[in-house]
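Numbering (mature numbering (1 follows the signal peptide of the UniProt record, and there is no 0)), first residue to last: -20 to -1, 1 to 91.
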């Protein structure tokens, strides 16, 4: 269990470092988040299976489920940040495009 907690911490730190980059590839970030989400769910499945061999199954599964929810919530926040950053970049690009069109229209000769 300690190993999975350490892995979770490492993944969160790496995700934060990746999120700190100015220009990220949204598709690559989403793919990374999907991979981490799948890994978290697989880890939960392994922990749940290990819990079934213990006497206090319910507490063990509840703890594993709590860890899974925390990891999935962190990944969801990252996904939302990627989506927000992408929308902002697209909005800025659209504004630049409209500004350029307005400048071109303003400098065109009147007929």
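Beta carbons are placed, not taken as given, at the ideal position from N, Cα and C, and that holds for glycine.
The structure displayed is predicted, hence computed values, not measured ones.
- Could you have a look at residue 33 and say whether DSSP puts it in helix, strand or coil? Numbered from its first residue, the chain shown carries residue 33 at position 53. Coil at residue 33, not helix or strand.
- Message: So, with DSSP's three-state summary, where would you put residue -20?
- Response: Locating residue -20 in the chain shown gives position 1, where the first residue counts as 1. Reliability of the predicted coordinates at residue -20 is poor, the pLDDT of 49 falling under 50, and no value is obtained from them.
- Could you tell me whether the segment 80 to 88 touches the segment 35 to 50, using the rule of 3 or more Cβ pairs below 8 angstroms? no
- Between the Cα of residue 13 and those of 63, 69, 86, 87, spot the shortest distance and give me the residue it belongs to. As a working note, residue 13 is residue 33 in the chain shown. Of 63, 69, 86, 87, the residue nearest in Cα terms is 63.
- Item | Cβ-based burial, residue 84 [other Cβ within 10 Å; buried from 16] | What you label residue 84 is simply residue 104 of the chain shown in a count that begins at 1. With fewer than 16 Cβ atoms within 10 Å of its Cβ, residue 84 is classed as exposed.
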